[in-house]
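Everything below concerns the one structure shown next.
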Ligand code: CO
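Numbering (the working numbering), first residue to last: 3 to 213.
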């Protein structure tokens, strides 16, 4: 069978199974979504947010891009963030990177990838900021792993630099922000940074005229 056609057949089977297990499953989700989590992850097909966290449809609001970046000029990310924080009022934002990330590996090369260069430039900036720590790692693999972890840390900080998160922290008790790295080889998530709501904000980035 054509693999594409198989997707639609699997979909019908999945929908049928859901209703058999729980006749009200789709009715509950039709009119309302109340996810507690916003997930900012890598587009990598091996890191599906719901599957690796054992969550169901309706539980996680998801944004994915190459190397789980929070780029301040990315209208897509900013729109997702604003909606998740201000309308859905998520309690947690998770930035989840993963070891073996192709985007991070590509950013560590000097290869010209065309338009992707512009995206990878943001990862190269993270490398530059943490160059001494990354270059002091014993092997190339360790350097890559370190950049992957520090990239997650940097993206968590990028979230805190937004007026969206700062405004929320000023007006309600959330969201807490979590930096995670997923390991492809065993499926385990390693937390690398916690920034609960109200965490200190670098003075350079803190807005003092939020209402
Ligand atoms: Co990746």
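Glycine is no exception: its CB is placed at the ideal position from the N, C-alpha and C atoms. Remember, it's a predicted structure, so these values are computed and weren't measured experimentally.
As assigned by DSSP and simplified to three states, the class of residue 158:
Counted from its first residue, the chain shown places residue 158 at position 156. Looking at residue 158 - three-state DSSP - the assignment turns out to be helix.
The beta strand (DSSP E) with residue 48 in it runs from where to where?
Your numbering for residue 48 matches position 46 in the chain shown. Careful: residue 48 lies outside any beta strand (DSSP E) and carries neither H nor E.
DSSP state of residue 174 mapped onto helix, strand, coil:
In the chain shown, counting from the first residue as 1, residue 174 sits at position 172. If DSSP states are grouped into helix, strand and coil, residue 174 belongs with coil.
Grouping DSSP H, G and I as helix and E and B as strand, with all else coil, what is residue 184?
The residue you call residue 184 lines up with position 182 of the chain shown. Correct three-state label for residue 184: strand.
How many Å lie between residue 90 and residue 176 at the Cα?
Translated into positions along the chain shown, residue 90 becomes position 88. Translated into positions along the chain shown, residue 176 becomes position 174. Residue 90 and residue 176: Cα-Cα distance of roughly 12 Å.
Who sits around ligand 1, taking every residue whose Cβ is closer than 6 Å to one of its heavy atoms?
44, 46, 69, 100, 103, 104, 105
Give the DSSP-derived three-state secondary structure of residue 150 in the structure shown.
Locating residue 150 in the chain shown gives position 148, counting from the first residue. DSSP places residue 150 in helix when its eight states are reduced to three.
To the nearest angstrom, how far is the alpha carbon of residue 25 from that of residue 33?
In the chain shown, residue 25 corresponds to position 23, counting from 1. In the chain shown, residue 33 corresponds to position 31, counting from 1. Near 16 Å, if we compare the C-alpha coordinates of residue 33 and residue 25.
On a Cα-Cα basis, can you pick out the residue from 112, 174, 163, 180 that is closest to residue 208?
Here residue 208 is taken as the residue at index 206 of the chain shown, counted from 1. Nearest of 112, 174, 163, 180 to residue 208, Cα basis: 163.
For residue 131, the first and last residue of its enclosing alpha helix (DSSP H)
Position 129 of the chain shown holds residue 131. Residue 131 -> alpha helix (DSSP H) spans 118-131.
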